[in-house]
Amino acid sequence: MKVTGDQALVKKINKSIILHTIRTQSPVSRAKVSEMTGLNKATVSNLVAELCGQELVTEAGPGESSGGRKPLMLHFNEMAGSVIGIELRVKQLKAVLCNLGGGILHEQESVLEAHDFPYVLEQMQQMISALIAAAPPSPYGLVGIGVGVPGMVDEQGVVLFAPNLGWEMVDLRSILESAFEVPVTIDNEANAGAQGELNFGAARDVRHLLYISAGSGIGSGIIIGGELYKGARGYAGETGHMTIEAEGKPCSCGSRGCWELYASEKTYDNPGLSLPARTTTGLVRYALEGHEETLHHLNSIGEYLGIGVTNLINSFNPELIVIGGALSEAEPWLGEPLRRVVAERTLPYHKQQLEITFSTLGGRGTMIGAGFSAVMHFLGNIRVTL
Ligand SMILES: [Zn+2]
Numbered sequence: 176m177k178v179t180g181d182q183a184l185v186k187k188i189n190k191s192i193i194l195h196t197i198r199t200q201s202p203v204s205r206a207k208v209s210e211m212t213g214l215n216k217a218t219v220s221n222l223v224a225e226l227c228g229q230e231l232v233t234e235a236g237p238g239e240s241s242g243g244r245k246p247l248m249l250h251f252n253e254m255a256g257s258v259i260g261i262e263l264r265v266k267q268l269k270a271v272l273c274n275l276g277g278g279i280l281h282e283q284e285s286v287l288e289a290h291d292f293p294y295v296l297e298q299m300q301q302m303i304s305a306l307i308a309a310a311p312p313s314p315y316g317l318v319g320i321g322v323g324v325p326g327m328v329d330e331q332g333v334v335l336f337a338p339n340l341g342w343e344m345v346d347l348r349s350i351l352e353s354a355f356e357v358p359v360t361i362d363n364e365a366n367a368g369a370q371g372e373l374n375f376g377a378a379r380d381v382r383h384l385l386y387i388s389a390g391s392g393i394g395s396g397i398i399i400g401g402e403l404y405k406g407a408r409g410y411a412g413e414t415g416h417m418t419i420e421a422e423g424k425p426c427s428c429g430s431r432g433c434w435e436l437y438a439s440e441k442t443y444d445n446p447g448l449s450l451p452a453r454t455t456t457g458l459v460r461y462a463l464e465g466h467e468e469t470l471h472h473l474n475s476i477g478e479y480l481g482i483g484v485t486n487l488i489n490s491f492n493p494e495l496i497v498i499g500g501a502l503s504e505a506e507p508w509l510g511e512p513l514r515r516v517v518a519e520r521t522l523p524y525h526k527q528q529l530e531i532t533f534s535t536l537g538g539r540g541t542m543i544g545a546g547f548s549a550v551m552h553f554l555g556n557i558r559v560t561l
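The working numbering applies: residue 176 is where the sequence shown begins, and numbers increase by one.
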C-alpha cells in the first residue's frame, strides 16, 4: 500500500508516535525516544516541546547517565485529564474515574433492579455526574467516557442487540454525548476487557490474546498481532454462541447447544440443580465451606469452559488466554478442570508456549478498558502546530 500525506499529517503522526512512546516507556530520555522511534533528535525535541506546552508531557529529575551529563527524563502527564469507564452488567452498574494512565481515582457501583433503557440511563447519568463532581482539577478536565456493554455494538456506538438486557438499536453514544458534552466510546464488554488486560493487566506486551469474559453469558475479545479483531462489521467474538452440544438445549439466540448455556452463570438457573446461591459471589462462599453440590457444579463449569477454550485455541493459536468476568472470582475451583480438559484435548503443537490465566484486574478489567478507549480517543486527537 502506498501512503502519502501532507506536512501536517506527517507531523501529527510523528507527534502521536512520540507521545505513545513516552506514555508507555515513561520515564524516558529524549535520546531514548529518538532511538526507539527512529526519528531524529531535532524532530523529537521540537515535538516534545509542543507536548510539554500542551501539559501532556512533563520533565523531571536527571536519569542515569551513560557517561557525561545526566539527561532530563520525560514523563507522560497522567494527571492532564481524567476519563470515566463504565461497565454495564445484567444485574449491576459499575464505574470508575481514572487518570490518563488507567489509575483509579474514584469508584462507584449500584445494583440494577430493572433493564429498561430509561431506568438504566438514569442510573448511568447519576453515576457519571457523581464522578464528574469528584474529579480533581486538571488542565483538560474530563476528556471522555467509555462504556462496555454486554451486547453487539456498531462503529457508531449504537447498541444493536443486547439479548440479556432486552435492548435493540439503542443509540447510547449520542445520548451520553449530548448529556455530558464529551466524546463517548461504546464497546462490547469483552472487547473492553481485552483492552484493559492488554494495557494494564495480565496481557501487557502480548501480541495474540484471547480474553474470555465469562459471567452472565460468554463473549471474547480477540487480539491478533496486538490489534483488536472486530470482524467485517464489528461483531466478532460472540463465542458464547458457538455450538458445543449438537443437539443441546435451545438458546435465546435461536440456535441450540451454545457454549454459554453450559459454562456461564446461566447454568445457575438450570432445573434439576439445587444450588444454595444464584450468583458467583454467593457460590464462592459455599465452595469455601466445601459444599458438595456447589463444588460439583463449579467443576462442571470449569470442564465446559475447557471445551470451548480448546476450540478457540485450535482456531486462533494464541499466546495467552485470560479468563475474566464474574466467573474469574471462582478461579480456585475452575482453574484445574479447565486446564485439565485443555491439556487432554488441544492439538499438541497448539499447546506449546500457551498460557492460560485468570484476570489480574479482577472485576475491574472492563471498566478500565472502557476508560482506556476514551483516553486513546482523546490522545488521537492531539493537535499539532505548524
Ligand atoms: Zn446461543
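Even for Gly, the Cβ is constructed at its ideal location relative to N, Cα and C.
Please list the segments of the alpha helix (DSSP H) lying wholly inside the region 205-246, counting only runs of 4 or more residues, in order along the chain. For the region 205-246, whole alpha helix (DSSP H) runs of length 4 or above, ordered along the chain, are 205-212, 216-228.
With a CB to CB cut of under 6 Å and the five nearest residues on each side skipped, what residues in its chain are close to G544? For G544, where only same-chain residues beyond five positions count, the Cβ hits under 6 Å are A367, G368, Q370, G371.
Near ligand 1: S395 beta-carbon under 7 Å from a heavy atom: Flag unset: Cβ of S395 not near ligand 1.
Could you please give the first and the last residue of the uninterrupted beta strand (DSSP E) stretch that includes E282? Taken as a continuous stretch (DSSP letters only), the beta strand (DSSP E) holding E282 covers 279-286.
Between which two residues does the beta strand (DSSP E) carrying K269 extend? Unbroken beta strand (DSSP E) run through K269: 267-274.
Hey, is C273 close to ligand 1, as in C-beta under 7 Å from one of its heavy atoms? Checking the Cβ of C273 against ligand 1 gives no.
Whose beta carbon lies closer than 5 Å to any heavy atom of ligand 1, going through the chain in order? Working through the chain, the matches are H416, C426, C428, S430, C433.
Do the region 279-296 and the region 512-527 meet, that is, are 3 or more Cβ pairs less than 8 Å apart? Pairwise C-beta distances place the region 279-296 out of contact with the region 512-527, as fewer than three of them are shorter than 8 Å.
Quick one: Cα of G481 to Cα of F251, how far? When rounded, the distance between both Cα atoms is 40 Å.
For M176, which of helix, strand or coil comes out of DSSP? Reliability of the predicted coordinates at M176 is poor, the pLDDT of 47 falling under 50, and no value is obtained from them.
Identify the residues that DSSP records as bridge partners of T521: which are they? None; T521 has no bridge partner.
Cβ neighbours of L272 in the same chain (closer than 7 Å, five flanking residues each side left out): Annotation for L272: S257, I259, L280, H281, L306, A309, A310 place their beta carbon closer than 7 Å to its own, counting only its chain and skipping 5 residues before and after.
Quick one: residues in its chain with C-beta nearer than 8 Å to the C-beta of M417, no 5 flanking neighbours on either side, listed in chain order? Apart from the 5 residues on each side of it in sequence, M417 sits with its Cβ closer than 8 Å to the Cβ of C433, W434, G483, N486 in its chain, given in chain order.
By the three-class DSSP mapping on this structure, what secondary structure does S313 have? Assignment of S313 by DSSP, reduced to helix, strand and coil, places it in the coil class.
Using DSSP's beta-bridge definition, name the partner residues of I496. I496 is bridged by DSSP to L385, I531.
Count the other CB atoms within 10 Å of the CB of R198; is the residue buried (16 or more) or exposed (fewer)? So R198 ends up on the buried side.
Taking 8 Å as the cut-off, decide whether the C-beta atoms of V345 and F292 are in contact. Yes.
Compare the Cα-Cα distances from L448 to each of T456, T218, L473 and report the closest residue. It is L473.
With a cut-off of 8 Å on the beta carbons, I'd call L335 and P493 a contact; round off their distance for me. Contact between L335 and P493 does not hold, since their C-beta atoms are separated by about 27 Å, which reaches or exceeds 8 Å.
How is V357 classed by DSSP in three states: helix, strand or coil? Coil at V357, not helix or strand.
If you check the beta carbons only, do P358 and H195 fall under 8 Å apart? No; because the gap between Cβ atoms is not below 8 Å, this pair is not in contact.
Per DSSP, I257 is paired with what? Reading the sequence as shown, one finds Ser at residue 257 and not Ile. BP columns for S257 point to N274, L317.
Considering only their Cβ atoms, is the gap separating G477 from L126 smaller than 8 Å? There is no way to answer for residue 126, as the model of the chain reaches only from 176 to 561.
With 16 other CB atoms within 10 Å as the buried threshold, where does M176 fall? Since pLDDT at M176 reaches only 47, below the 50 mark, its modelled position is unreliable, and no value is offered.
Check whether the region 502-513 and the region 448-468 are in contact - that is, three or more C-beta pairs closer than 8 Å. Because the criterion of three Cβ pairs below 8 Å is met, the region 502-513 and the region 448-468 touch.
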